[in-house]
Amino acid sequence: MEPLRIHQGLVVPLNRPNIDTDQIIPKQFLKRIERSGFGQFLFYNWRFDDQGNPRPDFPLNAPQYKGASILVAGENFGCGSSREHAPWAVQDFGFKVIIAPSYADIFKNNCVKNGILAIQANEEQVQIIMKKAETEGYTVTVNLEEQVVYDHDGFEFHFEIAPYPKEMLLNGWDEIGVTLTYEEKIKQYELSSIR
Amino acid sequence: MQTPKTIIEKIWEQHVVHREEGKPDLLYIDLHLVHEVTSPQAFDGLRLNGRKVRRPDLTFATMDHNIPTRQRQVIHDPISKKQIDTLVQNCREFGITLADLHHPDNGIVHVIGPELGLTQPGKTIVCGDSHTSTHGAFGALAFGIGTSEVEHVLATQTLWQAKPKTLNVKVNGRLGTGVTAKDLILAIIAKFGVKFGTGYVVEYTGEAIRAMSMEERMTVCNMSIEGGARAGLISPDETTFNYLRGRRYVPQGAAFEEAVARWKALATDEGAIYDEVIEINADEVAPQVTWGTNPGMCIPVTANVPSPDDTDKPNEKEEIQRALEYMGLKAGQPISSVKIDHVFIGSCTNSRLSDLRKAAEVIRGRKVSPSVTAIVVPGSFSVKLAAEQEGLDQVFKEAGFEWREAGCSMCLGMNDDIIPSGERCASTSNRNFEGRQGKGARTHLVSPEMAAAAAITGRFVDVRTFTAQEVR
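As they're listed, the protein sequences go chains A and B.
Counting from 0, one number per residue, gives the positions in the first sequence under the numbering used here.
Counting from 8, one number per residue, gives the positions in the second sequence under the numbering used here.
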């Protein structure tokens, strides 16, 4: 996993609440046994019409948002199915950071495991960024170490993140490798518990 | 005297392997259920790093999402076939018990876990599937995980988990005749929204919950995730123990009675404090129908479809408008006026024997409307067999239903069971998201009884008055 410390990127707004993982990556693309290559299917049913042509009115298809790496969305982002294919698709498409008022628990966990920073901002901050992102070429900088988001215009806010996911993201750790150093404790637990 | 505790805290404390400041707890996992869709990349990760499955004996695999329901042995889609074959190979390589396509234990992962007695009170249970919350019905702490976490559990039998907040959903009074566990959980989500449970583990309590069978409790806990809660559970009682006694993987004889004594002690103590409590009156719940594109967009069958004008918030207006457009509905139209094209009885929410019995009761002696295609997909091989022994398959077939093989099927359409674009389905499943049952498909979530009645009339009808009518 790649470490994430400071990231500056183009912002694309997706002003809808309750975006579920079935929208992020529809079920027909869950059959692959690889971990890569899901970006082409991101928001498939919203991005493409029945003939497979891009829908021009969908933000991710607009030329001004080409190359965006920061996604701003409405509350409860990533609800529904636990499919990790959703963050894989988000990441493979080129996103490193998501900003939303809230996330579904499983999705948020899955993001951390894949080096995606899911920032929880308040509704007002999210709406400000949504609005600003309508203008061409709007970028923000995210500093995970300092837990701040800012733009060139003086707009800035602090965000909260628990110490553990922060550390994971900053270092890009292999979590299993870390856990295996607790082998003795796991063994002890197994010996002491009745089962 | 010790501080009274909730069952959630008790199970949690019993499973902490390691705790330190600034970190989540390292939690031991007692049972890991595996299926074909969310596991291949996890096994790949193990191979890549030269790691083993730490406790194959605590791991159990099945295949359910991709399974064809007409002829289950014949998988036309080569990518589905590959996913199935990959699970077979992975289980062989890592020494994991697998209920494959041909195995009598095969079925939807959340149906067979309880059936086999793998699911037990006090266990921590995970699976790469959000409906793992189902197993909470037994007083287990059960939650869905992503594929990275699947790999983590395979390698270490543990997970780093921040201690969740506790939420008590208190269900006062009793459900009325014709009102089901499905209606209750839909009404809870409609009342409190699709994210009331985010960050919490829910415990359902109250008279209506105590009165429920295990299968009804599973329906309630199954849909906890649709309210945002990763896990929802119910303290175990005699109903739980009676269900489990004699099942294959539970302790037998005297050991079972010892287990019962331990399980009894898990129940939430009198006076235990939750972080949050919410309440609903069961006797006010009517049969429910979802009208929109998430499970919270749900109304009683007697009500009208909402309008964007019902709210002042611009975001909500837009959400309602979008949902109405996708669903092809008009604001204010009675939900009972909505004609349907398909009926699906199945899924990990409502595909157990009692679900099929209740649906069969509604249709017995009646015929499916000529404009409706209706299918029944039992939750497991053993549910199918039991239903056939009772002759339920005949009841369904005589009414004009198709009687299929077990699997996840039309709940998410990863197999061939897909609703064509623009068509409408009364479904006993758990998600009415856009495109869930097929691109452009329109899903209405209902109970098995409501789905059965809708199949007969070709539109939504209040099952409470429908069943009172004589069969012509």
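The beta carbon of each residue, even a glycine, is placed where N, CA and C say it ideally should be.
What residues of chain E sit near P162 of chain A, judged by a beta carbon separation below 8 Å? Here the protein chains are A and B, and chain E is not one of them.
Does the beta carbon of G79 of chain A come closer than 9 Å to any beta carbon on chain B? Within the first sequence, residue 79 of chain A is the residue found at index 80, counting from 1. The Cβ of G79 of chain A sits closer than 9 Å to at least one Cβ of chain B.
Assuming P307 of chain B and P294 of chain B form a contact by the criterion Cβ under 8 Å, report the distance between their Cβ atoms to the nearest whole angstrom. Along the second sequence, one-based indexing puts residue 307 of chain B at 300. Along the second sequence, one-based indexing puts residue 294 of chain B at 287. The pair is a contact, with the Cβ atoms about 7 Å apart (cut-off 8 Å).
Quick check: the region 126 to 133 of chain B against the region 142 to 151 of chain B, are at least 3 beta-carbon pairs closer than 8 Å? Yes, they touch.
In the region 40 to 54 of chain A, which residues sit with their C-beta less than 8 Å from some C-beta in chain B, listed in chain order? In summary, the residues of the region 40 to 54 of chain A whose CB is separated from some CB of chain B by less than 8 Å are N44, D49, in the order they occur in the chain.
Considering only the beta carbon of each residue, do D21 of chain A and G442 of chain B sit closer than 9 Å? Walking along the first sequence from the start, residue 21 of chain A turns up at place 22. Walking along the second sequence from the start, residue 442 of chain B turns up at place 435. Note that the C-beta distance between D21 of chain A and G442 of chain B is below 9 Å.
Nearest chain A C-beta to E368 of chain B closer than 9 Å, yes or no? Here residue 368 of chain B corresponds to residue number 361 of the second sequence, with the count starting at 1. It does not; no Cβ of chain A falls within 9 Å.
Quick one: which chain B residues come within Cβ less than 7 Å of E133 of chain A? Locating residue 133 of chain A in the first sequence gives position 134, counting from the first residue. Chain B residues near E133 of chain A: none, gap ~16 Å exceeds 7 Å.
Whose C-beta lies closer than 6 Å to the C-beta of Y250 of chain B among residues of the same chain, with five residues either side of it excluded? For the purposes of this step, residue 250 of chain B is identified with residue 243 of the second sequence, where counting begins at 1. Correct list, in chain order: M221.
Under three-state DSSP, which class holds V116 of chain B? Locating residue 116 of chain B in the second sequence gives position 109, where the first residue counts as 1. Assignment of V116 of chain B by DSSP, reduced to helix, strand and coil, places it in the helix class.
Thinking C-beta only, is Q7 of chain A closer than 9 Å to V141 of chain A? As a first step, residue 141 of chain A is located in the first sequence; it is residue number 142 there, counting from the start. As a first step, residue 7 of chain A is located in the first sequence; it is residue number 8 there, counting from the start. For V141 of chain A and Q7 of chain A, yes; Cβs fall inside 9 Å.
Beta carbon proximity, E83 of chain A to chain B, threshold 9 Å: Position 84 of the first sequence, counted from the start, is the residue given in the question as residue 83 of chain A. Yes, E83 of chain A counts as interfacial toward chain B.
Does the CB of G176 of chain A have a neighbour CB from chain B at under 9 Å? One-based indexing of the first sequence puts residue 176 of chain A at position 177. By this cut-off, G176 of chain A is an interface position.
Partners in chain A for M421 of chain B, counting only beta-carbon separations shorter than 9 Å: Position 414 of the second sequence, counted from the first residue, corresponds to residue 421 of chain B. Residues of chain A passing the Cβ test: K26, Q27, L29, K30.
Less than 9 Å separating the beta-carbons of I108 of chain A and G213 of chain B? Here residue 108 of chain A refers to the residue found at position 109 of the first sequence. Here residue 213 of chain B refers to the residue found at position 206 of the second sequence. Note that residue 108 of chain A corresponds to Asn in the displayed sequence, not to Ile. For N108 of chain A and G213 of chain B, no; Cβs fall outside 9 Å.
Status (buried if at least 16 other CB within 10 Å, exposed otherwise) for D19 of chain A: By one-based count along the first sequence, residue 19 of chain A stands at place 20. So D19 of chain A ends up on the buried side.
Cβ of K365 of chain B within 9 Å of Cβ of P455 of chain B? Here the question's residue 365 of chain B lines up with position 358 in the second sequence. Here the question's residue 455 of chain B lines up with position 448 in the second sequence. Result yes, Cβ atoms of K365 of chain B and P455 of chain B sit closer than 9 Å.
Can you tell me where the alpha helix (DSSP H) holding R217 of chain B begins and where it ends? Counting from 1 along the second sequence, the entry for residue 217 of chain B is found at position 210. That run of the alpha helix (DSSP H) goes 214 to 217.
Per DSSP, cross-strand counterpart(s) of R449 of chain B: Against the second sequence, residue 449 of chain B aligns to sequence position 442. DSSP lists B:R431 as the beta-bridge partner residues of R449 of chain B.
Does the Cβ-Cβ distance between S376 of chain B and T247 of chain B come in under 9 Å? By 1-based counting over the second sequence, the position of residue 376 of chain B is 369. By 1-based counting over the second sequence, the position of residue 247 of chain B is 240. One thing to note: S376 of chain B has its Cβ no nearer than 9 Å to the Cβ of T247 of chain B.
Who does F76 of chain A pair with in a DSSP beta bridge? In the first sequence, counting from the first residue as 1, residue 76 of chain A sits at position 77. F76 of chain A is bridged to A:Y102.
When the Cα atoms are used, what is the spatial distance from L540 of chain B to A393 of chain B? As shown, chain B starts at 8 and ends at 479. That puts residue 540 of chain B outside it, with no answer to give.
I need the straight-line Cα distance from T66 of chain B to V60 of chain B, nearest angstrom please. Reading the second sequence from its first residue, position 59 is the one you call residue 66 of chain B. Reading the second sequence from its first residue, position 53 is the one you call residue 60 of chain B. The straight-line gap separating the alpha-carbon atoms of T66 of chain B and V60 of chain B is approximately 9 Å.
Quick one: list the residues of chain B neighbouring K184 of chain A, beta-carbon separation under 8 Å, in chain order. To locate residue 184 of chain A, count along the first sequence from 1; it is residue 185. Under the 8 Å cutoff, chain B gives V24, H25, L33.
Rounded to whole angstroms, what is the Cα-Cα separation between V201 of chain B and S137 of chain B? Residue 201 of chain B sits at position 194 when you count from the first residue of the second sequence. Residue 137 of chain B sits at position 130 when you count from the first residue of the second sequence. Each residue's Cα considered, the two are about 14 Å apart.
On the CB-based measure, 16 or more other CB atoms within 10 Å of its CB, does A103 of chain A come out buried or exposed? As a working note, residue 103 of chain A is residue 104 in the first sequence. Buried is the call here.
Cutoff 9 Å: N108 of chain A Cβ touching any chain B Cβ: For this step, residue 108 of chain A is matched to residue 109 along the first sequence. Using a CB distance cut-off of 9 Å, N108 of chain A counts as an interface residue toward chain B.
How about the region 39 to 51 of chain B and the region 378 to 385 of chain B: do they share at least three Cβ pairs that are nearer than 8 Å? In this structure the region 39 to 51 of chain B does not touch the region 378 to 385 of chain B; the number of beta carbon pairs closer than 8 Å is below three.
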